[in-house]
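Chemist: Numbering (the numbering used here), first residue to last: 2 to 190. For each residue, glycine too, the CB sits at the ideal point set by N, CA and C. Values in this document were obtained by computation on a predicted structure and should not be read as measured data.
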């Protein structure tokens, strides 16, 4: 029965994917594809602000290679995000609306955790989704993310990595608490 359900899920996602591709086909041309890929490249390979896991990977790059490896690290991020979202979609049971919204929220959280740039207004999507779930970590994040404005406190833009670390440590601790705060530390995912 489980295989039958997974086959149905895979079929459903395949149909959704084909419909999505079909609706974008009228807009597709080589110029669009070039511009779109350049935009994605800017998001993942040029800009840096309040990145959590990316900043850790960047520091490892500085330590072992002596320079910022944003071009290398950034090229892997879209694949990590897509793979994570596919795993959430195919492995997790998303039969109920609340489960689906929770999966969407977790997928977007994974995206933000791997992103090179997380501006405070990016969290609004998570806050909107959290209204329909039992998770409140987006609200905690919305308070913590104001710490990032410290970077604009002087004439020269400078991020304080200690403050960013504080933001993400508190956030990850609260998220972990929410994910595993059921009887016997059973995960809610």
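In three-state DSSP terms, what is residue 133?
Modeler: Locating residue 133 in the chain shown gives position 132, counting from the first residue. Residue state, collapsed to three classes: coil.
Chemist: I'd like the list of long-range same chain contacts for residue 108, defined as Cβ closer than 6 Å, with 5 residues on each side in sequence excluded.
Modeler: As a working mapping, residue 108 is identified with position 107 in the chain shown. Closer than 6 Å at Cβ, skipping near neighbours: 86, 89.
Chemist: Taking C-beta to C-beta, are residue 102 and residue 130 nearer than 7 Å?
Modeler: If you number the chain shown from 1, residue 102 lands on position 101. If you number the chain shown from 1, residue 130 lands on position 129. Contact: yes.
Chemist: Quickly, what does DSSP pair residue 118 with across the bridge? List them, please.
Modeler: What you label residue 118 is simply residue 117 of the chain shown in a count that begins at 1. In DSSP, residue 118 forms a bridge with 50.
Chemist: If we count the other Cβ atoms within 10 Å of its Cβ and call it buried at 16 or more, is residue 51 buried or exposed?
Modeler: Residue numbering aside, residue 51 sits at position 50 when the chain shown is read from its first letter. Classification for residue 51: buried.
Chemist: What residues in its chain sit with their C-beta under 8 Å from that of residue 79, if we drop five residues either side in the sequence?
Modeler: To locate residue 79, count along the chain shown from 1; it is residue 78. Closer than 8 Å at Cβ, skipping near neighbours: 41, 45.
Chemist: Would you be able to state if there are at least three C-beta pairs under 8 Å between the region 69–78 and the region 115–122?
Modeler: Taking 8 Å as the limit for Cβ pairs, the verdict is that the region 69–78 does touch the region 115–122.
Chemist: Whole alpha helix (DSSP H) runs in the region 81–120 with 4 or more residues, listed along the chain?
Modeler: The region 81–120 contains these whole alpha helix (DSSP H) runs: 98–115.
Chemist: Straight-line CA distance for residue 105 to residue 140?
Modeler: In the chain shown, counting from the first residue as 1, residue 105 sits at position 104. In the chain shown, counting from the first residue as 1, residue 140 sits at position 139. Residue 105 and residue 140: Cα-Cα distance of roughly 16 Å.
Chemist: If you check the beta carbons only, do residue 164 and residue 146 fall under 7 Å apart?
Modeler: As a first step, residue 164 must be located in the chain shown, where it is residue number 163. As a first step, residue 146 must be located in the chain shown, where it is residue number 145. Not closer than 7 Å, so no.
Chemist: Helix, strand or coil for residue 181 per DSSP?
Modeler: On the chain shown, position 180 is the one that residue 181 refers to. Looking at residue 181 - three-state DSSP - the assignment turns out to be coil, as it is neither helix nor strand.
Chemist: Where do the N-terminal and C-terminal ends of the alpha helix (DSSP H) with residue 141 fall, by residue?
Modeler: Within the chain shown, residue 141 is the residue found at index 140, counting from 1. It spans 138–145 - the alpha helix (DSSP H) in which residue 141 sits, taken as one unbroken run.
Chemist: What do you reckon, are the CB atoms on residue 142 and residue 180 nearer than 7 Å?
Modeler: On the chain shown, position 141 is the one that residue 142 refers to. On the chain shown, position 179 is the one that residue 180 refers to. Cβ distance not < 7 Å, so residue 142 and residue 180 don't count as in contact.
Chemist: Does the beta-carbon of residue 169 have 16 or more other beta-carbons within 10 angstroms, so that it is buried, or is it exposed?
Modeler: Position 168 of the chain shown, counting from 1, holds the residue named residue 169. The residue is buried, with at least 16 neighbouring Cβ atoms inside 10 Å.
Chemist: So, are the CB atoms of residue 92 and residue 112 less than 7 Å apart?
Modeler: Along the chain shown, read from residue 1 onward, the residue named residue 92 stands at position 91. Along the chain shown, read from residue 1 onward, the residue named residue 112 stands at position 111. Contact flag unset, no.
Chemist: Taking all protein chains shown into account, decide if residue 155 is buried (16 or more other Cβ within 10 angstroms of its Cβ) or exposed.
Modeler: Translated into the one-based positions of the chain shown, residue 155 becomes position 154. So residue 155 ends up on the exposed side.
Chemist: Residue 58: buried (16+ other C-beta within 10 angstroms of its C-beta) or exposed?
Modeler: In the chain shown, the residue the question calls residue 58 occupies position 57. Buried.
Chemist: Who are the Cβ neighbours of residue 99 in its own chain at under 7 Å, not counting the five residues just before and after it?
Modeler: Along the chain shown, one-based indexing puts residue 99 at 98. Hits under 7 Å: 133, 134.
Chemist: In terms of alpha-carbon separation, which member of 160, 175, 157 lies closest to residue 138?
Modeler: The count along the chain shown starts at 1 and reaches residue 138 at position 137. Nearest C-alpha to residue 138: 175.
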